[in-house]
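Colleague: Using the working numbering, the first residue of the sequence shown is number 2, and each one after it goes up by one. All C-beta atoms in this analysis are idealised placements derived from N, C-alpha and C, irrespective of residue type, glycine included.
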Amino acid sequence: MTNDIAIRYCDEYLARHIAGIDKEFLKKAKEALQQEPKSEWQQDHEILKAYSDGANEVLDKIRAEIEQAYCKVTNDYDHGRNYGLYMAIQIIDKYKAEGSGEE
2 MTNDIAIRYC
12 DEYLARHIAG
22 IDKEFLKKAK
32 EALQQEPKSE
42 WQQDHEILKA
52 YSDGANEVLD
62 KIRAEIEQAY
72 CKVTNDYDHG
82 RNYGLYMAIQ
92 IIDKYKAEGS
102 GEE
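1. If you count every other CB in all the chains shown that lies within 10 Å of the CB of LEU49, and 16 or more means buried, which is it?
2. With DSSP collapsed to three states, give me the class of MET2.
3. Mapping DSSP to helix, strand and coil, what is SER53?
4. Taking the alpha-carbon positions, what's the ILE93 to GLN44 distance?
5. Suppose the cutoff is 7 Å on Cβ atoms and the five residues either side in sequence are ignored; what does the same chain contact list for GLU104 look like?
6. Using the rule of at least 16 other Cβ atoms within 10 Å of the residue's Cβ for burial, across every protein chain shown, is ALA65 buried or exposed?
7. Kindly give me the distance between the Cβ atoms of GLU68 and ILE90, rounded to whole angstroms, as I take these residues to be in contact under 8 Å.
8. Could you tell me how far apart the beta carbons of LEU60 and TYR87 are, in whole angstroms, since I believe they sit closer than 8 Å?
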């Protein structure tokens with residue numbers, strides 16, 4: 002079994018939510034910019050933080066959705082599907098750890 006299955010499942014879940022990431026980013030970025038005037042560096046920092054926070058929220062939702070999709074292993078198809086879902090969760094956890102500097 003390769004990581005291709007995990008990547009396929011991860012891509013499927015990400016594809017469902019990528020528009021939500023963009024909407025949340027734009028909403029938080031707009032809110033940050035509407036507050037009192039700040040230096041360009043502070044604005045950039047707030048926008049990046051809002052994007053990161055929004056992306057992490059969506060990743061948490063995706064991870065929870067993947068965990069719910071986990072099914073009992075009753076045949077080879079289910080075993081392969083569960084392995085793909087397990088690897089998708091590992092990819093999300095690794096991405097979040099890299100993004101937060103927790104490695």
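Modeller: According to the structure data:
1. exposed
2. Note on MET2: pLDDT 41, under 50, position unreliable in the model; the coordinate value appears next. Coil.
3. helix
4. 28 Å
5. Only weak support is given to the placement of GLU104: the predicted model assigns it a pLDDT of 47, under 50, and the value that follows is read from those uncertain coordinates. Once the five neighbours on either side are set aside, the close Cβ partners of GLU104 are ALA98.
6. exposed
7. 7 Å
8. With 8 Å as the limit, LEU60 and TYR87 do not qualify as a contact, their Cβ atoms being about 16 Å apart.
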